[in-house]
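Reading through the structure tokens given below for one structure.
Residue numbers (the working numbering), protein chains in the order written: chain A, 1 to 343; chain X, 1001 to 1292.
Below is the structure:
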């Protein structure tokens, strides 16, 4: 991360920016702590701490080490991946409503996974990952095609409506598949709503390298995206190879959205909300936005997950339902803003 | 096709250049060289191919025939960054992201000088500082670009192109949408930059501004070049009548002696005749008068 050196002091925002990044790091630590401490099995924070440090009873060790910590790791990976995927899509399409959930990328990825589970008996987590990435790739290309139809950035509203329609179609197909195939239904029940329940290291570890590559690509493309934000003619005359950035962004979004969907199912709104929050606090530099989204995405996912664990006790609300509730008002606020096209 | 090499002194030239949009030919077999150190202004009516020529010359549009030579070498052979270190362009319709500050926007002109692992250097810093100072926007450095007046904003965009530190700068209608005072301000700035040794190529609509500021005029019509040279020999009543279809008189600018185009008033009973016959085109009472 030492490469992300911005002209911060000269810009005069450096101190504020550092404060916000500090706050995001603290928020992340708090979210991780809550995710490990809070759960359906009430456990005193002291017991949890003791267990984390190697003590605890057999039961507490099972809850903390086999359930909560892997689940927290899944939340970290999924949140960072979705936050950055959303930031990339918004920057590249120059559309403030672009998001892998809203544009149907996650739903498409989920559908391909459902097909794999239902018809081809794919059960390994790694199998899910590749299927999800394939689905994400196809849908990301479709989203870009819509986003650049007619040579111009598509209006945010048109893009959103089309994306929601695509997402609804795929969600419907996925539901249809699972309802007609009881075995698949069993396996996909929690997953298709977007959930971190029982996501262990067996699911997280296979996607981790893909997510790391995706995040690295995102950081590499950030500087070029800064120029693309000024219009493609400006970008090209500043020396940006727009086509190369396009390929890098496409690869990164595919890896990130595909991996996140493989782990947690089709989560919506995380990729939409996180980059906006980051932009409001850190400004317009994509290098900061990518980095900030990497920190804030996990905060949102983990806090939503914690909320879902305690909102409807004794059962659980999937994290995807919580993020949908949290994200919908933000989407409405964005659509209603007059300056929504100005990104 | 052999790759032609032009005279090494012209930083930018077109050789038999053809450019097409879809299947429609906009420019066909056009050859022109920008004199080194010149302030070249491209004039011509709407849709005559001015912007197309500028964008093709900057390497933004592919040539369907012929070549563009940048520093004597086919522009298609340069990498994107290499081109951007030699040639800066301010296109029409550049958009500034919401909330971006002046210094941040100008800093984005440094892309071609940055590396993945060296994002910001002392050279970048001093290029941005210089660009802010030369364009007289240093005081605005921390202000959001959205809050500036049109004239200030245009100077900021020019500062961004200057931060790219290219010896050659192309601008597509840099004075459009500005009021007269801000137009002159921008043109004076371009004049100063030219005086500091940069070659400037600009598309302008105002012929009188072109005549006053340019050292070299390129007049276009229907994708062809109809005249090229210093304003005194190119901006004539005949040329204006032919290219723009406008009856006019060309007089001598009382301040600078450069050509000044005065449209004929067709509402009067004896409007000035057009074209070559307009050389006696003075009206009773006008000061005037010589068409060049």
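Think of the CB as a built atom: it goes at the ideal place given N, C-alpha and C, for glycine as much as any other residue. As the structure is a computational prediction, the values presented were derived from the model and not from experiment.
- Interface flag for residue 1083 of chain X against chain A is set, since a Cβ pair is found closer than 8 Å.
- Distance from the Cα of residue 332 of chain A is smallest, within the candidate group A/22, A/160, A/105, for A/160.
- In this structure the stretch 290-297 of chain A does not lie against the stretch 234-243 of chain A, because fewer than three pairs of beta carbons, one per stretch, are closer than 8 Å.
- Remark: C-beta atoms of residue 252 of chain A and residue 88 of chain A approach each other more closely than 8 Å.
- Beta-bridge partners of residue 1260 of chain X (DSSP): X/1251.
- Taking a contact to require three or more Cβ pairs closer than 8 Å, the stretch 54-64 of chain A and the stretch 270-277 of chain A do not qualify as touching.
- Per the C-alpha coordinates, the member of A/170, A/118, A/219 positioned closest to residue 182 of chain A is A/118.
- An exposed status is given to residue 243 of chain A, since fewer than 16 other beta-carbon atoms sit within 10 Å of its beta-carbon.
- Counting the other CB atoms within 10 Å of its CB gives residue 92 of chain A a total of 16 or more, which places it among the buried residues.
- Within chain A, the residues placing a beta-carbon under 8 Å from that of residue 1114 of chain X are 223, ordered along the chain.
- Residue burial is scored here from C-beta neighbours: residue 1021 of chain X has fewer than 16 other C-beta atoms within 10 angstroms and is therefore classed as exposed.
- Residue 269 of chain A carries a coil assignment under DSSP once its states are collapsed to helix, strand and coil.
- Against residue 1060 of chain X, the close residues of chain A are 233, 236, 237, in the order they occur along the chain (beta-carbon pairs closer than 8 Å).
- When C-alpha distances from residue 1124 of chain X are compared across X/1042, X/1110, X/1131, X/1134, the shortest belongs to X/1110.
- Between residue 264 of chain A and residue 74 of chain A the beta-carbon gap is near 7 Å, inside 8 Å, which marks them as a contact.
- The stretch 218-227 of chain A makes no contact with the stretch 105-121 of chain A; the number of CB pairs closer than 8 Å stays below 3.
- About 18 Å separates the CB atoms of residue 1175 of chain X and residue 1038 of chain X; that is not less than 8 Å, and the two are not in contact.
- Collapsing the DSSP output to three states places residue 1024 of chain X in a strand.
- Ranked by Cα distance from residue 170 of chain A, the options A/200, A/197, A/132 are led by A/132.
- Shown here, residue 1070 of chain X sits in a strand according to DSSP, grouped into three states.
- For residue 1216 of chain X, the enclosing beta strand (DSSP E) stretches over residues 1216-1221.
- With the criterion set as a beta carbon lying under 9 Å from some beta carbon of chain A, the members of the stretch 1088-1104 of chain X are 1088, 1089, 1090, 1091, 1092, 1093, 1094, 1095, 1096, 1097, 1098, 1099, 1100, 1101, 1103, 1104, in sequence order.
- For the 8 Å CB-CB criterion, residue 207 of chain A and residue 77 of chain A form a contact.
- Around residue 311 of chain A, the same chain offers 317, 322 as residues with beta carbons nearer than 8 Å, after the five sequence neighbours per side are excluded.
- Distance from residue 218 of chain A to residue 84 of chain A at the Cβ level is roughly 5 Å; contact confirmed, criterion being Cβ atoms closer than 8 Å.
- The bridge partners DSSP lists for residue 1088 of chain X are X/1169.
- For residue 1053 of chain X against residue 1030 of chain X, the beta-carbon gap comes to about 7 Å, under 8 Å, which counts as contact.
- At a Cβ-Cβ threshold of 8 Å, residue 138 of chain A and residue 108 of chain A count as neighbours.
- Straight-line spacing of the CA atoms in residue 1009 of chain X and residue 166 of chain A works out to 57 Å.
- In the three-state reduction of the DSSP assignment, residue 1031 of chain X falls in the strand class, which pools E and B.
- In this structure, the CA atom of residue 1061 of chain X is about 15 Å from the CA atom of residue 1090 of chain X.
- Across the structure, residue 1071 of chain X and residue 1203 of chain X are spaced so that their CA atoms are roughly 21 Å apart.
- Apart from sequence neighbours up to five positions away, the residues of its chain that approach residue 32 of chain A with a beta-carbon distance below 7 Å are 72, 302, ordered along the chain.
- For residue 1202 of chain X, the enclosing beta strand (DSSP E) has its first and last residue at 1199-1203.
- Around the Cβ of residue 1216 of chain X, a 10 Å sphere holds 16 or more other Cβ atoms; the residue is buried.
- The beta carbon of residue 1228 of chain X lies closer than 6 Å to those of 1218 in the same chain, with the five residues before and after it left out.
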